[in-house]
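Q: One structure follows; several queries about it will come next.
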Amino acid sequence: MGYNQEKSSLLNHIACISEEYCIGCTKCSKICPTKAIIGAKHTIHTVLKDFCIGCGLCISSCPTNCINLLENNSSRFNQ
Numbered sequence: 028m029g030y031n032q033e034k035s036s037l038l039n040h041i042a043c044i045s046e047e048y049c050i051g052c053t054k055c056s057k058i059c060p061t062k063a064i065i066g067a068k069h070t071i072h073t074v075l076k077d078f079c080i081g082c083g084l085c086i087s088s089c090p091t092n093c094i095n096l097l098e099n100n101s102s103r104f105n106q
């Protein structure tokens with residue numbers, strides 16, 4: 028798989044936070060290049076699906092491993 032295929036594959040995904048394990052540390056929201064993750068410190072965070080580009084930076088920053096990339100079937104990818 029070439030670089031363009033890998034990039035395209037990632038961009039068809041969005042981050043999803045498992046609320047059960049989110050501790051509200053804000054590491055994910057601080058590292059997100061598009062500011063797609065919102066939430067105050069010590070509260071559950073939420074991903075703004077319209078802004079998430081599926082880069083995965085939030086996953087590597089999460090100390091509780093509560094973030095996964097899920098396939099995005101949103102219409103913005105089907106144009």
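In this text, residue positions in the sequence shown follow the numbering used here: the first is 28, and each later residue adds one.
All C-beta atoms in this analysis are idealised placements derived from N, C-alpha and C, irrespective of residue type, glycine included.
For clarity, every value in this text was computed on a predicted model and none was experimentally measured.
Grab me the residues of Ser69's own chain with a C-beta within less than 7 Å of its C-beta, minus the 5 sequence neighbours each way, in chain order.
A: As a position in the sequence shown, residue 69 is number 42, starting the count at 1. In the sequence on display, residue 69 carries His and not Ser. Taken in chain order, the residues that qualify are Gly51.
Q: For Ser88, which residues in the same chain have their Cβ closer than 7 Å to its Cβ, ignoring the five residues on either side in sequence?
A: In the sequence shown, the residue the question calls residue 88 occupies position 61. Cβ neighbours of Ser88 beyond the five flanking positions: Lys54, Cys55, Ile58.
Q: Rounded to whole angstroms, what is the Cα-Cα separation between Glu98 and Cys49?
A: Here residue 98 refers to the residue found at position 71 of the sequence shown. Here residue 49 refers to the residue found at position 22 of the sequence shown. The alpha-carbon atoms of Glu98 and Cys49 are separated by roughly 21 Å.
Q: Quick one: Cα of Thr91 to Cα of Leu75, how far?
A: Counting from one through the sequence shown, the residue named residue 91 turns up at place 64. Counting from one through the sequence shown, the residue named residue 75 turns up at place 48. Distance between the alpha carbons of Thr91 and Leu75: 20 Å.
Q: Indicate whether Ile80 and Thr73 have their beta-carbon atoms separated by less than 7 Å.
A: One-based indexing of the sequence shown puts residue 80 at position 53. One-based indexing of the sequence shown puts residue 73 at position 46. In this structure, Thr73 does not lie closer than 7 Å to Ile80 by Cβ.
Q: Count the other CB atoms, across all protein chains shown, that sit within 10 Å of the CB of Cys93; report buried if there are 16 or more and exposed otherwise.
A: Residue numbering aside, residue 93 sits at position 66 when the sequence shown is read from its first letter. Cys93 is buried by the Cβ-count criterion.
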